[in-house]
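Chains A and B, in that order, give the protein sequences. Note that our numbering has the first sequence beginning at -5, numbered continuously upward. Note that our numbering has the second sequence beginning at 1173, numbered continuously upward. To keep things clear, I will list the structure first and then write my remarks on it.
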Amino acid sequence: MKIRSSVFASLCLVFEIFGIALFLRGFFPAPVKSSFSSKTKISDLPSEPLTGNNPNSSKVPGPLFRRVVIVLIDALREDFIYGPRGRQYMPYTRHLVERGSTLSFVAKAQPPTVTMPRIKALTTGSIPGFIDVVVNLNSPALLEDNLLWQAKAAGKKIIFYGDDTWVRLFPKHFMEYDGTTSFFVSDYTEVDNNVTRHLDSTLKRDDWDILILHYLGLDHIGHLSGPHSSLIGPKLLEMDDVLKKIHSSLISRETEGSLPNLLVLCGDHGMSETGSHGGSSDPETNTPLVLISPAFKRKVGMEKPGTVEQVDLLPTLALSLGLPISQNSVGRLIYPVFEETSLRDQLRFLHLNSYQLSCLLKDSMPTFQKEEGYEQFHMAEKSHGSWMKLYLEGNASEVLSNMGRKVLRQYLDALKAMSSALSRQLGKYDMYSMMAGMILVLQVLLLLLLAMPEALSGAGEVDVPVASALLSLPFYLLCLLSCSIHVLLCTSSENTCYLCDLSWGLVIAAIACSSALFCVLLTLAAKKLAPGTKLNTKTQGASESEFSELDVLLLMGTVGYVISLASSSFIEEEHQTWYFLINTLCLAIFQDVCRKYFREKRGPGDDRAYLPPKGTELGVGSQKWLALATPLLTLACCRLLRSLNQTGIQWAHLPDLSHWLNSWEHKPELSLLAAASLVLIFFLVQRRCSLVSKIALALGLLGVYSYRAAVGNVLFPWQHSSRDISKGTVEARFVYIFVLGILFTGAKDLLRSQVTTSDSQLKSRGLWEAYCGVVLLCSLLFRPHNLPVLACSLLIQTAMDQFIWRELQYDAAQITIMHYWFGQAFFYFQGNSNNIATVDISAGFVGLESYVEIPAVFLTAFSTYTGPLLWACHLVCYLSAAQDSRHAASVGHGCYCFALLRSIPAVAYIILITALRYHLFIWSVFSPKLLYEAMHTLVTTAVCIFFTAMDQSHAGPSYS
Amino acid sequence: MREHEIKGMVSAHTIIASSIFIATVMPLFFVEHFSVYGTHLTWLYSVSGSVAVVNIIIFWLLGISPPTKKHTLGYKVSRAVRSCLYFVLSCLFFHLVVVLTVHPCSIRCLCVLGPNVQTWIRVFSRDGAMSVWDTSLQITTASSVIGAWLGAFPIPLDWDRPWQVWPISCSLGATFGFLTGLIIAPAWIHWHRKQLTYKSK
Ligand SMILES: [Zn+2]
Ligand SMILES: [Zn+2]
């Protein structure tokens, strides 16, 4: 079966996407969960272990506290309280920690240290996996069993003020609430005043049981200017005042005879030295946890705070409020909180916690009976029973308390063992699915590589021997073999594989596909090896001698990049690799240009011919100097953009231009820069559009500026009064209309060129208009300080297109590799990194009143991958123009190269990450990168399909 | 003739290489707290200076200098000014492009080629070399550029070594590349002496 190389490449990529999806499913463990939406009820709780039947045995110990106030300060780092800055800026809290009746801990948050998963961890006690974060960039209502649901079911009244993520997670759980949107990161006073203004009246009232306050200001300051900013001190002082107010109010309302109150101060995550969060470094994961209540012993001096897990807060709070522990909690109670209760109650609390963990263990692990913790729990339960018997008999001797303490220790050990077993379960891989996915992508890559000579040939067609492979005997044998392996794997071991859960039809289809692919591969390889060997080596030898420095560089760069993926530092600092590569690329191009313009003009053996040609026409002269200037201009642009966004890990804390631009006092400069960039974008893009599109583009760009002004990022020159900042929905939708309009015009032109007349002029205009639409959408989604990135990328594209690529006659493969490299570099120029924390989620809200999943995900993905997409779009425009003028199959070649360029690193990375799956940095460095790779492959597939569509439309006339 | 030239080149290169070595060791006795990492710029200046001096002496002795036509005083002055200008420009270029400051190699090029742009372009384009010295210059330049290029690789690694800072690893790489080039050039010319044909001047 003969197919065009663009179709072939797209098909390969589609298969690869399936393989990667399968691999991801195996690599990211599904979070530990018993049944999803059921909730623990009081009546489900086990009775106190007791030999003999006492009617009161199933009673849960009463609550320890009357009211609880939880003060959650976003991004509160452990050293903001326990460090020297705590002494300076949080004097009251520090005094309480050192001398008050408090318990203080360092609570370790699990990565990803992002607010929403942390809130989930605090309220459900479960550890959401990485995949949870990606799937839930939004925050739909939390269906899992959680503390707030339990509290509400027990008739407790909850009041909430703060980040509105809570309101979305827990709809209808609060008696009263006021959600503050964390939409505008640049605002760090209003968000907190919004919370504090309710405080006085609420504290005076008596009608609530739980009060939750979530302060966002500190986090916003962190994002704006880092943990050492001068804004941090005043903010901490403000928080200290809030805490003092709440604490004194709680103490003054403490009444004799009733239960004491509890004040909890905690952070959801810390902040790194750059002020961001999301990773797993110590400053990001270590948060303070201070429990303040008269029920605790008064302290005599500062002790080093002990370390607990963040999820441990949930069982502690649940039990001390007399509520059942949520089903999926993997935490264990913080023992010192219960130290002052009677031994019987202590044992009972421990029993309840261990029972809950053992249930979770039973649900999530087939081999739970072999677990050490599970056995320990049963032992402890048994000795608990005999202790109870003695206790109820009225025995009060030394023996009883000694025995009780032994039971206690047994329980604590069991809790620890079960908790760690559950956490270990999170790190388990589904190797079967991973291997299946890996085999699939490897086959696709080999197929792509084997087809290279054919795909890059002049005809641009690949002969895929599907029919012969499907009818061959090895195909059926292979199918049978794979099926038997599948059956063997799924029946023998009890491990739960994703593939084993799939229906049989799907599995057989997948197996048939994979086997067919393998047979095609074999046939192709046999064909390559057998008859045409001589011919092959000949052509290879010929092409080898033609290898220029540029080819060597492009090849070495690609190979070197793939090798660099094995090192965690190179992944963290991947932007450096790309900056380095494009700098070198510019040098190589510069050399090529020099060679072209200075060598070719030389007359043979003439001394004077070394001088630049003077007599030639002016056009050629200026052309030469422009061509010489282009690589230098590119270098200058890259240098400028590099200092715009510091990214990566090691140097991310260095001050960069975007921080400078985003501070309040530099708003005029930012406005000027944004306006200049928009004007530049207009002039660079409009030249090949029709008049209608030009006008639409101009209006759209104007709309972009007014949107940014409405949101409060930039200033209107004629408007000095500070207007209310809105969401700018109207302005953004205005721009969307123009984007759609331009895209529609482009599509219309493309269709017309395809259906009625094979007019290449019309087609290239249509393509360019589609490109225009993409540019306009980008400029809407980019933050204003990033607009220069867009302008520079357009500038480089225009200059390279005009003076370098057309003049130096690079072939499609070279052009594609250059575009790919530039796309990658611009991905990092716009501030992205291989860390989930740098994804700009705010792009998903542009022009939307509230969170709507599909557009938000699409817009976020689009704005993240703007760099690669823009360059890919430009590549389509360029190659399709080249196809019309010079090479018939250049679009196909470009598409094939693009697919190959994406497949090589993706497949290499999948193999690498499988080998490195027990690496120390697997969760913090390697797995986010895996998600980026998968997403990038998806984007590339979309681009390649677009390529194929463009290729198709031209195939007819070129062969007629 | 060719053999004779190669021998001369070997000895010249040995002298240059040893001058680099001396320039690294000597300042230890004169400058306080001298180290390659700590006082990197001083080291670089000392190496470049010694390479320049040695080059000028050698080529003056050997009589290999760019062809000069007139010897008027004005011409000499303008040549001196122009070579200074080109030197500054080449430093700037190197700084921009190969992220280097003052590099021994560019000085060597200047010494051999003189301040004529066209000669530079001629020598550094493919098969434009007109003597053994031009070829050796091509090889040493290429190897030190590649050395500087490779020198940038370890910067992102988190080993926390003192030489992993920006200009140091690059200029160290360039220096090592230059030294390798000095060794390779005579050897390469020796092996390829049959294929090498130079056009007469
Ligand atoms: Zn947060
Ligand atoms: Zn944050």
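Think of the CB as a built atom: it goes at the ideal place given N, C-alpha and C, for glycine as much as any other residue.
Limits of the unbroken alpha helix (DSSP H) element including residue i
i, result
"A312 of chain A", "L307 to S314"
"V54 of chain A", "Run containing V54 of chain A: none; DSSP gives neither H nor E here."
"G767 of chain A", "S754 to L775"
"Y385 of chain A", "E366 to L386"
"G20 of chain A", "S(-1) to F21"
"H653 of chain A", "L651 to N656"
"L317 of chain A", "Premise fails: L317 of chain A is in no alpha helix (DSSP H) and is neither H nor E."
"V62 of chain A", "Counting along the chain, V62 of chain A falls outside any alpha helix (DSSP H), though it belongs to the beta strand (DSSP E) covering V62 to I67."
Spatially closest choice to residue i from the options, by CA coordinates
i, options, result
"A101 of chain A", "A:C260, A:C477, A:G454 and A:R636", "A:C260"
"A958 of chain A", "A:Q791, A:G379, A:F940 and A:D834", "A query on residue 958 of chain A cannot be resolved here, the shown segment of chain A reaching from -5 to 954 and no further."
"V1317 of chain B", "B:T1307, B:L1344 and B:W1305", "B:L1344"
"Y730 of chain A", "A:G273, A:H378, A:T858 and A:G767", "A:G767"
"R759 of chain A", "A:D878, A:W799, A:R800 and A:L863", "A:D878"
"F839 of chain A", "A:L775, A:W815, A:A785 and A:Q803", "A:L775"
"S754 of chain A", "A:Y872, A:S827, A:N639 and A:E387", "A:Y872"
"S246 of chain A", "A:L355, A:K198 and A:H569", "A:K198"
"L627 of chain A", "A:S787, A:A928, A:L256 and A:L471", "A:S787"
"F738 of chain A", "A:Y209, A:S542, A:L761 and A:P922", "A:L761"
"P55 of chain A", "A:V62, A:I36 and A:V63", "A:I36"
"S377 of chain A", "A:Q404, A:L354 and A:K364", "A:Q404"
"D213 of chain A", "A:L678, A:T268, A:G499 and A:M550", "A:T268"
"T281 of chain A", "A:G499, A:L664, A:F852 and A:F74", "A:F74"
"D235 of chain A", "A:L90, A:M169 and A:M397", "A:L90"
C-beta contact flag for residue i and residue j at 9 angstroms
i, j, result
"D357 of chain A", "I328 of chain A", "no"
"L66 of chain A", "D194 of chain A", "no"
"Y573 of chain A", "P899 of chain A", "no"
"G94 of chain A", "R338 of chain A", "no"
"R71 of chain A", "P277 of chain A", "yes"
"P1153 of chain B", "I1178 of chain B", "Summary: the structure shown does not reach residue 1153 of chain B, with chain B confined to residues 1173 through 1373, and so no result is reported for it."
"L869 of chain A", "H813 of chain A", "yes"
"W865 of chain A", "F797 of chain A", "no"
"M373 of chain A", "A69 of chain A", "no"
"T935 of chain A", "V1 of chain A", "no"
"Y76 of chain A", "K238 of chain A", "no"
"S918 of chain A", "S275 of chain A", "yes"
"S348 of chain A", "F371 of chain A", "yes"
Extent of the continuous beta strand (DSSP E) run through residue i
i, result
"R682 of chain A", "Where R682 of chain A is concerned, there is no enclosing beta strand (DSSP E), given that its DSSP letter is neither H nor E."
"Y155 of chain A", "I152 to D157"
"T96 of chain A", "T96 to K102"
Status (buried if at least 16 other CB within 10 Å, exposed otherwise) for residue i
i, result
"D601 of chain A", "Residue confidence is low: D601 of chain A scores 39 on pLDDT, short of 50, so the model does not pin down where it sits. No coordinate-derived value is stated."
"E10 of chain A", "buried"
"T810 of chain A", "buried"
"K757 of chain A", "buried"
"M296 of chain A", "exposed"
"Q725 of chain A", "Inspection of the sequence shows that residue 725 of chain A is occupied by Glu rather than by Gln. By the 10 Å Cβ count, E725 of chain A comes out buried."
"S252 of chain A", "exposed"
"T485 of chain A", "exposed"
"R955 of chain A", "Chain A is shown only over -5 to 954; residue 955 of chain A falls outside these bounds and no answer can be derived."
"A965 of chain A", "Residue 965 of chain A lies beyond the stretch modelled for chain A, which goes from -5 to 954, so this question has no answer here."
"M794 of chain A", "buried"
"A875 of chain A", "buried"
"I187 of chain A", "Sequence check: residue 187 of chain A is Asn here, not Ile. Per the 10 Å Cβ criterion, exposed."
"M(-5) of chain A", "exposed"
Under 9 angstroms by beta carbon: chain B residues contacting residue i
i, result
"T578 of chain A", "W1321"
Partners in chain B for residue i, counting only beta-carbon separations shorter than 8 angstroms
i, result
"F574 of chain A", "A1324"
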